[in-house]
Ligand code: PEP
Ligand code: MN
């Protein structure tokens, strides 16, 4: 009998909650109108006098059972939320942001799930060099249970005299090896006109040097494929997210990649900005991966960097793997061989996953 009465009262409380929510929204809409007028007139948003007037008018009419102090506290919270509404109303809400979409974006490419619980390993050589090289790497990856292979076909090299990649043939070699061993492939595209050449590639990469190439971002976003977007080596996290915003009209399937930024440190090629991982995850719903090879530029610290990335909440790591790193046509110093890769994959999988709330 008592329990039935509780249920009955709870029903009434639910109705009150819903009326209160309606009233709060109505109040919020009015606050926004005031915010618009204040912006137009150049007036200060915060008005402490008005807040105390509101409380003074309310408290004498407090019928209880809540104490005046409790009512003051509750209304102060409402005032704070309203001010927040006014101050942020002109800010554009980015589509890549959690304010636009609170749930993590999760998608599959082949057998890999980006944005999920399991960290994805993306591995492969810096450059596609030959059919034999790619088949050896692909076979080792499949053996280790890795689902995504990388390899550059068009290489953005600092020197025009360095190996520039095999071009369109590189895409074909990469995708053939990927298909043969049941892997998804990822490769960089450097210009909009080259996108059709990468038709057989599963994930299009925009490299660090092109993160601010806005026409390329739009074109790659509209190519109908998932994208891996690398952070420029002199770009802030905010700039990376704005670059992703250029793509999101074309695709939601965007993977953000931290790959180290340029600092005064010389013992690494770049400095892995580990704080970018939780920051990007907090600000954006998109999956985040960390390229440890281009961050470190060396092979001896890749495992701790990858473990740090996973512990910080990264959805995956990218690492450069070559059957004979000493003879690689690019980035010899940072590629690991197939045996070292097997150890790397074991170590990353053994890492304790970070909080993924
Ligand atoms: C790459 O991943 O092949 C590459 C060139 O990296 P980044 O654009 O990060 O320098
Ligand atoms: Mn490289």
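Numbering (my numbering), first residue to last: 391 to 747. Positions of the beta carbon are idealized from the N, C-alpha and C atoms, including for glycine.
Proximity test, residue i beta-carbon vs the ligand PEP heavy atom, cut-off 6 angstroms
{"i": "residue 712", "result": "no"}
{"i": "residue 598", "result": "yes"}
{"i": "residue 605", "result": "no"}
{"i": "residue 649", "result": "yes"}
{"i": "residue 675", "result": "no"}
{"i": "residue 542", "result": "yes"}
{"i": "residue 428", "result": "no"}
{"i": "residue 490", "result": "no"}
{"i": "residue 684", "result": "yes"}
{"i": "residue 401", "result": "no"}
{"i": "residue 620", "result": "yes"}
Residue i - partner residues in DSSP beta bridges
{"i": "residue 498", "result": "503"}
{"i": "residue 706", "result": "510 and 679"}
{"i": "residue 578", "result": "595"}
{"i": "residue 648", "result": "680"}
{"i": "residue 726", "result": "711"}
{"i": "residue 674", "result": "487"}
{"i": "residue 347", "result": "Missing from the structure shown is residue 347; the chain here goes from 391 to 747 and no further."}
{"i": "residue 661", "result": "651"}
Assumed close pair residue i, residue j - CB separation to whole angstroms, cut-off 8 angstroms
{"i": "residue 576", "j": "residue 618", "result": "6 angstroms"}
{"i": "residue 627", "j": "residue 676", "result": "That belief does not hold up - the Cβ atoms of residue 627 and residue 676 are roughly 12 angstroms apart, past 8 angstroms."}
{"i": "residue 711", "j": "residue 725", "result": "6 angstroms"}
{"i": "residue 636", "j": "residue 614", "result": "Between residue 614 and residue 636 the Cβ distance is about 16 angstroms, and since that is not below 8 angstroms, they are no contact."}
{"i": "residue 505", "j": "residue 495", "result": "5 angstroms"}
{"i": "residue 483", "j": "residue 513", "result": "Not quite, the Cβ-Cβ distance comes to about 36 angstroms (not below 8 angstroms), so this is no contact."}
{"i": "residue 649", "j": "residue 620", "result": "5 angstroms"}
{"i": "residue 674", "j": "residue 646", "result": "7 angstroms"}
{"i": "residue 692", "j": "residue 709", "result": "6 angstroms"}
{"i": "residue 541", "j": "residue 520", "result": "The Cβ separation is near 11 angstroms, so there is no contact."}
{"i": "residue 473", "j": "residue 462", "result": "The Cβ separation is near 16 angstroms, so there is no contact."}
{"i": "residue 705", "j": "residue 515", "result": "With 8 angstroms as the limit, residue 705 and residue 515 do not qualify as a contact, their Cβ atoms being about 22 angstroms apart."}
Complete runs of the alpha helix (DSSP H) confined to the stretch 518-545 [at least 4 residues]: 521-533
For review: beta carbons within less than 5 angstroms of any heavy atom in the ligand MN: 516 and 721
Within the stretch 403-450, ranges of the alpha helix (DSSP H) (whole runs, at least 4 residues): 438-448
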